RNA sequence: GGGCGUAUAGCUCAGUUGGUUAGAGCGUCACGUUGACAUCGUGAAGGUCACAGAUUCGAGUUCUGUUACGCCCACCA
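Residue numbers (this note's numbering): 1236 to 2106.
Here's what the structure looks like:
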């Protein structure tokens, strides 16, 4: 006996120790190695001050499975970790803490001091998520950990910004953008989420100047009326031809605005008249450009009304709305109010309704960049798994607008543009600029910072050393696969693709492996506000990281959401325990100290399990290569539990009890160490713990080689025969169960079979697993004097003498049921075989298989009928 | 308005390029302390693969249409 193992597996006593050992041995570290092929994954960097949630757990588990697999396959496998500075999210957190703890705002501290506080915060909490990733077993190369605002990434950001600016792909302009009045910053289109809300349509009269006439417009946002600079109608709308070019008097304001004609207006919608507010509506902005309309912005940054609002100045936009409606009503200008459901855009960080506003911002010109990004997905250079997400991606990329990249925040990469305080000259430069190249005046850097996603977009190459042409960059880029959720395809995946193409001239990754969202047991999204989130760390404490990982990898297909509940984790935990106990059994019976497989001394069941294992290795490799992780893991589960434990261990027990059976020990260990290796990417800890207790040569399973199919281990014939016996054993158990015969009632077993040698070599487990006392080979049934239950298999028939225990009626019913079943199947097979189309067109192999089935059914049917007659 | 997904056992889900008797986990029922494991074992019950057509020798799987639910994008003010 090598080592005494406890009866149940206790992950908590194992995991930290093993992880520490891996780290110390340096197994996670990858170097450029010309003798190996590279395999690279860059982590989707979690927010630096965030905490691990189930979505991370899924994402990291999938990546770790892939990276461990490839590492064992002999690749130089780099999983590059790091964190994201997460502009708005982090700034909001620190501001909140500042407010709660010190009653201060960031403005009280000033920019420099505030940023220092955020760095302090990052130092304090930045390690937390990294520790949590380690608890999961993530085999990241921690020596290469990066941060989106570290020196290298910042250098890359400046390089890219200046580069794009010089190419004319970054520009500054006064455009309409999404504004969050709570975060006080511009947002990109992708950062706005739309929800349908019940609102109103207010119908308002706009009087025609010097006339009794008026037009009626309908609006959902009456407060923007303050910034109207025209009313538009369709050019061919006959109702309004006479008003074209005339002036209207803007209610509540008194300003005069023209009636203009523009194709944008739909004649049949509403009244056919549209108020035009270029400063507060994207469509109106376009109309304004076409007609040279004045742009009057009526709101401040916090969405209160500014000086253009007259008496409404200082009011919040909704207060102003209320007040204006009341005033309009009083003046008899409010015609009616309609209920109206419409989509309202909200800030994806704070949920505040965004305000479209014209503002001077920085943009990335998307059209030229999108071209290449579209090409590489269309021509398959980059593939999405599952493929349907390439449609989502292409649809977005083909309709993408320019990307607003400036944010009015303090935490982030400050835009490398400098303005002369004297002459207004602007310089964009990688280096700090202090004096104006034109007039020598003092230069001041742009206040705005960049969208967080601007730096994340460079992640696959900035983390490898770009813009320097490092060995790492040459070797590990392009990366192999990107693993992420479908919810950030637009934010991140798309932007990495065009950035990689533009700056590296090569795709950032070859595959995008997309997973879904982890939901609660009722299918709801896990969220803080619902309080239905499950903490992965609590699950790890309770059930172990392996159980959690196994749960996340099982029953989940790429791109689909999954439900998470503890019963599933329990099942995974039970599986770990099953493996644990199987290993206890093997170790208890071990006398060998080295695995030496001698293919010449094998029993049928040995060949059978080796053959089954061989097929498993083939399947798992194929599944993993095709990103079918869920399928790979369910095959492993089935093999380990339902094949190795339920059958092979049971078959081999008599041999082990009988004495030192080296062949059995070798096969037990060979197959066990093999399936542990196959399972290791999914359940790294328990597989390592057991592996090291087995008589293996590798010092760690992490660096052992991944099993692959070997022709020498394919024993098709023995496999098929043992398979038949398994069926037979099941049938015997079934018969006994239906006769209500208790397991302890052991009887003889008579066997009628032509292949006597083979049956003899299996006699031990046949006897044991059919609850028999001994097995007797007979030449004919006639010789038996005892009353028997007959069970038939292919080429074999067994008789169980149960004497008076036999319930004749029950046996009759059982055999009749069996007969009906065989008849049904026989019918099915025959109808296939008599179908000329099938025989002519189906593959020959299939036709032969059907014929064999027919024979088998016929043979069995004859035996069953014979038994029925004898009753 | 456009696009996508899902619909398979009581529940949650797998099901590869069409081809044995459609599977698993959990739950249910019966039996069981057999020398690794009750976090277990043995056996069983449970399915018109949403509906209607089409293609095919053959459809859970492919195509068309319908229904229900979900998601994404666009935004007629």
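Glycine included, every Cβ here is placed at the ideal spot set by N, Cα and C.
All figures in this text were calculated on a predicted structure; none of them were measured in a lab.
When secondary structure is reduced to three states using DSSP, residue 1409 falls in the strand class. Leaving aside the five residues that flank residue 1836 on each side, the residues in its chain whose CB is nearer than 7 Å to its CB run, in chain order, 1898. Taking C-beta separations shorter than 6 Å and ignoring five residues to either side along the sequence, the partners of residue 1381 in its chain run 1317 and 1698, following chain order. The segment 1483-1502 makes contact with the segment 1459-1466, as at least three CB pairs between them are under 8 Å. Closest in C-alpha terms to residue 1760, from the list 1254, 1288 and 1994, comes 1288. Ranked by Cα distance from residue 2001, the first of 2024, 2044 and 1957 is 1957. About 7 Å separates the CB atoms of residue 1582 and residue 1417; that is less than 8 Å, so the two are in contact. The DSSP assignment places complete alpha helix (DSSP H) segments of no fewer than 4 residues inside the segment 1888-1924 at 1897-1914, in order along the chain. As the crow flies, the alpha-carbon of residue 1576 is around 9 Å from that of residue 1436.
Residue 1309 has its alpha-carbon roughly 38 Å from the corresponding atom of residue 1961. Ranked by how close their Cα comes to the Cα of residue 1631, the residues 1729, 1521, 1549 and 1652 have 1729 in first place. Beyond the five residues adjoining it in sequence on each side, residue 1746 comes within less than 8 Å, by CB distance, of 1617, 1618, 1619, 1620, 1715, 1716, 1717 and 1862 in the same chain, given in chain order. Of the other Cβ atoms in all chains shown, 16 or more fall within 10 Å of the Cβ of residue 1423; this residue is therefore buried. In the three-state DSSP reduction, residue 1569 falls in the strand class (E or B). Counting along the chain, residue 2024 sits inside no alpha helix (DSSP H); it lies in the beta strand (DSSP E) bounded by residues 2023-2028. Residue 2102 and residue 2030 have their C-alpha atoms spaced approximately 16 Å apart.
Per DSSP, the beta-bridge partners of residue 1680 are 1653. Restricting attention to alpha helix (DSSP H) runs no shorter than 4 residues, the segment 1277-1325 encloses them at 1289-1307, ordered along the chain. For residue 1983, the secondary structure class from DSSP, reduced to helix, strand or coil, is strand. Residue 1440 is positioned such that its CB atom lies closer than 8 Å to that of residue 1570. Within the segment 1367-1419, the runs of alpha helix (DSSP H) that reach at least 4 residues and sit entirely inside it are, in chain order, 1386-1401.
When C-alpha distances from residue 1931 are compared across 1831, 1997, 1984 and 1950, the shortest belongs to 1831. For residue 1846, the number of other beta carbons within 10 angstroms of its own is at least 16, and it is reported as buried. Of all C-beta pairs linking the segment 1864-1884 to the segment 1933-1949, fewer than three are shorter than 8 Å, placing the two stretches out of contact. By the Cβ rule, the segment 1636-1650 counts as touching the segment 1321-1329, because three or more pairs are nearer than 8 Å.
DSSP, reduced to helix, strand and coil, places residue 1741 outside both helices and strands of the structure shown, so it counts as coil. For residue 1818, the CB contacts under 8 Å within the same chain, skipping 5 residues up- and downstream, are 1240, 1907, 1925, 1928 and 1929 in chain order.
Residue pairing of residue 1988 in beta bridges, as defined by DSSP: 2031. Counting of Cβ neighbours within 10 angstroms places residue 1975 among the exposed residues, the total staying below 16.
For the pair residue 1523 and residue 1475, the CB atoms are not nearer than the 8 Å cut-off. When only Cα atoms are considered, residue 2075 and residue 1944 end up about 34 Å apart. Cα atoms of residue 1993 and residue 1275: separation of roughly 50 Å, rounded to the nearest angstrom.
With at least 16 other beta carbons inside 10 angstroms of its own, residue 1515 counts as buried.
Counting along the chain, residue 1720 sits inside the beta strand (DSSP E) bounded by residues 1714-1720. Secondary structure in the segment 1578-1659: the beta strand (DSSP E) runs of 3 residues or longer, each lying completely within the stretch, are 1590-1599, 1618-1620 and 1652-1655 in chain order.
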